[in-house]
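In this note's numbering, the protein residues as written are 212 to 351. In this text, a Cβ means the ideal position worked out from N, Cα and C, and glycines have one as well. Remember, it's a predicted structure, so these values are computed and weren't measured experimentally.
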Ligand code: HEC
């Protein structure tokens, strides 16, 4: 008797699924959350409170994650902590995300050989706070 392999069922289910609004919000928040974790670990390393041998890895993960952010915000779904200005001022918001990709790329380069002294100054100017001050609703 022929049986449909489970994998084929899973694949066909994935093919018909569509992201709903909550998925769009969840996805971009996971990206931001991931970056928050990487920056927290990098901060510990910069203060020599965590192993420097992981510096390059965390910087790379941060840079790679930053490169996924623009696509995640492209779909206009109000909600989460995102202010409507994200989409009303899209060219500025997108430019800030491009700058984030560049800045985290520079950080990853400086961190390549786990050189804390070279990387630490680049941690200070990633543009996270500047964008949050403008485009993220304050915590309620
Ligand atoms: C171009 C603007 C922009 C930049 C740059 C940016 N963020 Fe965000 N961030 C946002 C917005 C908008 C939200 C709210 C998203 C939502 O709730 O839908 C957010 C949310 C967050 C959150 C909360 C995520 C959650 O779990 O809800 C964290 C943590 C965060 N950002 C960390 C960072 C870090 C760290 C950086 C820098 C490495 C960064 N962000 C750079 C715009 C930005």
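(request) State the start and end residues of the unbroken alpha helix (DSSP H) segment that holds residue 302. (result) Working through the chain shown from its first residue, we reach residue 302 at position 91. From DSSP, the alpha helix (DSSP H) with residue 302 extends over 301-321.
(request) Identify every run of the alpha helix (DSSP H) within the region 233-298, keeping only runs that are complete inside it and at least 4 residues long; order them along the chain. (result) Within the region 233-298, complete alpha helix (DSSP H) segments of at least 4 residues are found at 266-277 and 280-285, given in chain order.
(request) Check whether the region 236-248 touches the region 261-277, counting contact only when three or more Cβ pairs, one atom from each stretch, lie closer than 8 angstroms. (result) A contact exists between the region 236-248 and the region 261-277.
(message) I want to know whether the region 285-301 touches the region 334-341 - three or more CB-CB distances under 8 angstroms.
(response) These segments do not touch.
(message) Strictly closer than 6 angstroms from CB to any heavy atom of the ligand ATP: give me those residues in the order they appear in the chain.
(response) With respect to the ligand ATP, the structure shown offers nothing to examine, as its ligands consist of the ligand HEC.
(request) Look at the alpha carbon of residue 331 and the alpha carbon of residue 296, and state the distance between them as a whole number of angstroms. (result) Locating residue 331 in the chain shown gives position 120, where the first residue counts as 1. Locating residue 296 in the chain shown gives position 85, where the first residue counts as 1. Rounded to whole angstroms, the separation of the alpha carbons of residue 296 and residue 331 is 32 angstroms.
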